[in-house]
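Notes follow once the structure below has been shown.
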Amino acid sequence: MRIQITDWPEMEPIHQFNILSQVIPQKFSMAGPYPSTNLCSSPWSLSQEVMEMQHIGCHRNRRGLSDKKFNVPLSAEFVARPSGVCTMMKLPYQESAEGLDAAFIGVPLDTGTSNRPGARFGPRHIRAESSMVRRFNITTRSAPYDSIMVADIGDVNVNLYDLKDSCRRIREAYQRIMATGCIPLTLGGDHTITYPILQAVAEKHGPVGLVHVDAHTDTGDQALGEKIYHGTPFRRCVDEGLLDCKRVVQIGIRGSSYTADPYKFCRDQGFRVVLAEDCWFKSLVPLMSEIRLQMGDKPVYITFDIDGIDPSFAPGTGTPEIAGLTTHQALEIIRGCKGMNIVGCDLVEVAPMYDLSGNTALTAANLLFEMLCVLPNVKNY
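Remember, the working numbering sits 624 above the position in the sequence shown when you count from 1.
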């Protein structure tokens, strides 16, 4: 099928890809009965018919959930998955969180890792695998793109040569995001990044509850004299009063230890530690019912280290531990957060070079979609 560009009218700049907004044709004459794209043009250069069917850039809900227009991911029914700018779930990109209810943001930092590096490449690979994630959550019937305004706002420009300076950059970036009222969904990056993120979150919301999925508690005090790395973020958060410690739950904890009682610090703070062994061969739905009651209606942050999942499912990570959670338990945990007052989320420690299949990044992309689906104001269809 042939497509002819007949004109290039000026485009209304509503949440489009900023860098492409001047080169997206809106009108084509078509020589065939089926909508298509010009293979020699931008993948955003769609026919008028396709644009009407797909509602590129914005979408008016037709299910009675809202009359507002929202951003909608491109569908592989009309645009090939490998084409286009690589954004989270093929959502529009915008330069700031202004006007958004939720935003995906990458933090490509792994300077704080203690074992295998590579999590700096996590955001890029998660975005690439997220092209498989579609608009509707068929199981939970969540319709995030019919409920809230979402976009990808790019990455924090971290300093790969200075971890403390990176933490400053991350904190300042998230202060700007929080000032807009937008809920950040973060693609890591090693777990160090959660510390400066929580500094910004707590500055706005006060001490927050924490749903923390991980193989490790990340409450160490120091390593080689350094107080900040991916094994210490929640010790630093406690030190600074960023957490409501009676509302902190750590799930999936396991592995050997340097000390005979590695969870003493957590218990002393009032954390609830759920060992991986206590999750074996079980549904975690009852556990999450208890956690919802514990969290109440106060602000909650979700942080999910991919090594909380067993490495047979997610080998692409820097500090793997055997006998972890399954992917269906991971879904139960996140879906069990529905109804909480969630003020931010992250998915960290994806190091894609240790998983040539891409399954770890694919799992991460799906879990981030599940987090999006449980945010406040996301309705069901």
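We put the CB at the ideal spot given by N, CA and C, even for glycine.
Candidates the options, of which the one nearest residue i by Cα
| i | options | result |
| --- | --- | --- |
| K788 | Y819, M756, Q799 and D776 | Y819 |
| H840 | G812, G968, L848 and A900 | A900 |
| E994 | N983, T763, E701 and P706 | T763 |
| G932 | Y925, M919, T950 and R916 | T950 |
| L784 | G805, Y798, G742 and M802 | G742 |
| L917 | E796, V872, V731 and P939 | V872 |
| T883 | F895, N990, D845 and C806 | D845 |
| S913 | F895, D885, D786 and I958 | I958 |
| N983 | A700, K714 and G746 | G746 |
| R748 | P732, V757 and T737 | P732 |
| G730 | S738, Y717 and G723 | Y717 |
| G963 | L848, L980 and M919 | M919 |
| A954 | D902, I875, D885 and V967 | I875 |
| H952 | C903, L980, R860 and R744 | C903 |
| A700 | V757, A767, D770 and R744 | V757 |
For residue i, the first and last residue of its enclosing beta strand (DSSP E)
| i | result |
| --- | --- |
| I777 | V774 to D779 |
| D970 | N965 to V972 |
| V835 | V832 to V837 |
Extent of the continuous alpha helix (DSSP H) to which residue i belongs
| i | result |
| --- | --- |
| L955 | T951 to R959 |
| G746 | G746 to E753 |
| L983 | This sequence places Asn at residue 983; Leu is not what is there. Per DSSP, N983 belongs to the alpha helix (DSSP H) from N983 to C997. |
8 Å Cβ cutoff met for residue i and residue j
| i | j | result |
| --- | --- | --- |
| T814 | E973 | It should be noted that the sequence gives Asp, not Thr, for residue 814. Contact: yes. |
| P831 | G879 | no |
| T1006 | F889 | The structure shown has nothing for residue 1006, since the chain only spans 625 to 1005. |
| I750 | L811 | yes |
| I772 | D725 | yes |
| V998 | N965 | no |
| E956 | V909 | yes |
| G833 | D779 | no |
| R759 | V696 | yes |
| A721 | T804 | yes |
| I926 | V862 | no |
| T943 | Y978 | no |
| A975 | R740 | yes |
| C806 | I852 | no |
| I930 | A988 | yes |
| L996 | V774 | yes |
| G915 | G849 | It should be pointed out that residue 915 corresponds to Ile in this sequence rather than to Gly. In this structure, G849 does not lie closer than 8 Å to I915 by Cβ. |
| S738 | A826 | no |
Cutoff 8 Å; reference residue i; Cβ partners in own chain excluding five residues on either side
| i | result |
| --- | --- |
| R765 | N1004 and Y1005 |
| L992 | M712, F728, I750, S754, L809, L811, C969 and L971 |
| K922 | V832, G833, D868, R871 and N965 |
| I877 | D838, A839, H840, T841, Y887, V897, V898, L899 and A900 |
| D934 | I946, A947, G948, L949 and T950 |
| R800 | S720 and A721 |
| E676 | Residue placement at E676 is poorly supported in this model, since its pLDDT is 47, which falls under 50; the coordinates still yield a value, given next. Counting only Cβ-Cβ distances below 8 Å, and skipping sequence neighbours, we find nothing. |
| R891 | V897 |
Own chain partners of residue i with C-beta closer than 6 Å, once the 5 adjacent residues on each side are dropped
| i | result |
| --- | --- |
| R705 | S755 |
| I821 | Y798 |
| S802 | Per the sequence shown, residue 802 should be read as Met rather than Ser. Closer than 6 Å at Cβ, skipping near neighbours: A824 and K828. |
| I680 | Only weak support is given to the placement of I680: the predicted model assigns it a pLDDT of 46, under 50, and the question is left unresolved by the model. |
| P1000 | none |
| G736 | L787, D814, T816, Y853 and H854 |
| E634 | Note that E634 scores 42 on pLDDT, short of 50, meaning its location in the model is unreliable; the coordinates nonetheless yield the value given after this. Counting only Cβ-Cβ distances below 6 Å, and skipping sequence neighbours, we find nothing. |
| F858 | D842 and T843 |
Test: residue i CB closer than 8 Å to a CB of chain D
| i | result |
| --- | --- |
| I821 | Within the model displayed, chain D is absent; a lone protein chain is all it includes. |
Other residues of its chain near residue i: CB distance less than 7 Å, five sequence neighbours each side excluded
| i | result |
| --- | --- |
| R793 | V780, N781, V782 and N783 |
| S907 | E956 |
| R795 | P820, Q823 and A824 |
| K714 | P697, L698, G708 and S755 |
What are the uninterrupted segments assigned as alpha helix (DSSP H) that are 4 or more residues long and contained completely in the region 848 to 886, given in chain order?
The region 848 to 886 contains these whole alpha helix (DSSP H) runs: 857 to 863.
For a minimum of 4 consecutive residues, which ranges assigned as the alpha helix (DSSP H) are wholly contained in the region 879 to 954?
888 to 893 and 909 to 919
Would you mind listing the beta strand (DSSP E) stretches within the region 775 to 817 that are 3+ residues and don't spill past its ends, in chain order?
Inside the region 775 to 817, DSSP marks whole beta strand (DSSP E) runs of 3 or more residues at positions 807 to 812, from first to last along the chain.
Could you give the uninterrupted runs of the beta strand (DSSP E) lying entirely in the region 702 to 741, keeping only those of 3 residues or more?
726 to 731
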